[in-house]
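Residue numbers (the working numbering): 210 to 348.
Don't be surprised by glycine CBs; every beta carbon is placed ideally from N, CA and C.
Scroll down for the structure; my scribbles are underneath it.
Given below as structure tokens:
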């Protein structure tokens with residue numbers, strides 16, 4: 210696979226809001242192309258580009274690699290590829306939402322839409338959940 214350089218674009222502040230009874234709000238500071246990907250990926254969330262935020266829940270910077278900091282992580286993660294970066298951002302969003310909703314529990318699974326609703330697939334890390342979902346989506 211060939212490495213494609215993505216321009217180091219200007220950072221944006223994106224406020225994500227989860228509607229419903231819990232009213233969770235998360236602020237992400239990230240390059241604009243990542244903010245755009247989050248906007249189209251997070252179905253059901255509302256979002257606003259805000260001019261500035263003194264405190265961000267998730268901060269993504271980019272030089273040669275994407276570096277991700279989060280209020281739920283105590284270590285700095287970095288990735289060279291966009292897919293791993295987005296995956297970690299989505300995981301961090303999940304951890305933040307779970308920390309804000311009393312009594313909530315995160316589960317490690319994947320999901321795929323079926324004719325009768327949705328199917329949750331549980332399994333250990335690297336057990337093939339995503340591959341199964343990808344194959345099912347082609348049916």
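Quick one: residues in its chain with C-beta nearer than 7 Å to the C-beta of residue 257, no 5 flanking neighbours on either side, listed in chain order?
-> Here the question's residue 257 lines up with position 48 in the chain shown. Cβ-Cβ distances below 7 Å link residue 257 to 224 in the same chain, with the five nearest sequence neighbours on each side left out; the list follows chain order.
Residue 318 beta carbon near the ligand HEM (any heavy atom closer than 7 Å) | No copy of the ligand HEM appears in this structure; indeed no ligand is present at all.
Can you give me the start and stop residues for the alpha helix (DSSP H) that residue 246 sits inside?
-> Taking the chain shown and counting its residues from 1, the one referred to as residue 246 is at position 37. Looking at the DSSP string, the run of the alpha helix (DSSP H) that includes residue 246 is 241 to 250.
Closest Cα partner of residue 323 within the set 317, 346, 227 = The sequence position of residue 323 within the chain shown is 114, counting from 1. Answer by Cα proximity: 346.
CB-CB under 7 Å to residue 332, same chain, minus the five flanking residues each way: which ones, in chain order?
-> Sequence index remark: in the chain shown, residue 332 carries index 123 (1-based). Contacts found: 338.
Could you give the DSSP three-state label for residue 213: helix, strand or coil?
-> Your numbering for residue 213 matches position 4 in the chain shown. Residue placement at residue 213 is flagged as unreliable, the pLDDT there being 40, under the threshold of 50; a coordinate-derived value is accordingly withheld.
Count the other CB atoms, across all protein chains shown, that sit within 10 Å of the CB of residue 265; report buried if there are 16 or more and exposed otherwise.
-> Start at 1 with the first residue of the chain shown, and residue 265 comes out as number 56. Answer is buried; the Cβ neighbour count reaches 16.
Out of 263, 245, 262, which has the shortest C-alpha to C-alpha gap to residue 255?
-> Walking along the chain shown from the start, residue 255 turns up at place 46. For residue 255, the nearest C-alpha among the options comes from 245.
Just list the beta strand (DSSP E) runs in the region 265 to 325, keeping only unbroken ones of 3 residues or longer that don't cross its boundaries, in chain order.
-> Runs of the beta strand (DSSP E) inside the region 265 to 325: 267 to 271, 275 to 279, 286 to 288, 318 to 323.
Cβ separation of residue 269 and residue 259, assumed to be a contact under 8 Å, to the nearest whole Å = Indexing the chain shown from 1 puts residue 269 at position 60. Indexing the chain shown from 1 puts residue 259 at position 50. That pair is no contact at about 16 Å.
For residue 289, count neighbouring Cβ atoms within 10 angstroms of its own Cβ and tell me buried if that reaches 16, exposed if not.
-> Position 80 of the chain shown, counted from the start, is the residue given in the question as residue 289. By the 10 Å Cβ count, residue 289 comes out exposed.
Can you tell me the Cα-Cα spacing of residue 305 and residue 343, whole angstroms?
-> Locating residue 305 in the chain shown gives position 96, where the first residue counts as 1. Locating residue 343 in the chain shown gives position 134, where the first residue counts as 1. Looking at the two C-alpha atoms, the distance is approximately 27 Å.
For residue 317, which of 302, 334, 326 has the nearest alpha-carbon?
-> For the purposes of this step, residue 317 is identified with residue 108 of the chain shown, where counting begins at 1. Residue 334 is the option with its Cα nearest to residue 317.
Could you please give the first and the last residue of the uninterrupted beta strand (DSSP E) stretch that includes residue 226?
-> For this step, residue 226 is matched to residue 17 along the chain shown. Note, residue 226: beta strand (DSSP E), 220 to 227.
Proximity of residue 267 and residue 309 at Cβ, strictly below 8 Å = Here residue 267 corresponds to residue number 58 of the chain shown, with the count starting at 1. Here residue 309 corresponds to residue number 100 of the chain shown, with the count starting at 1. No.
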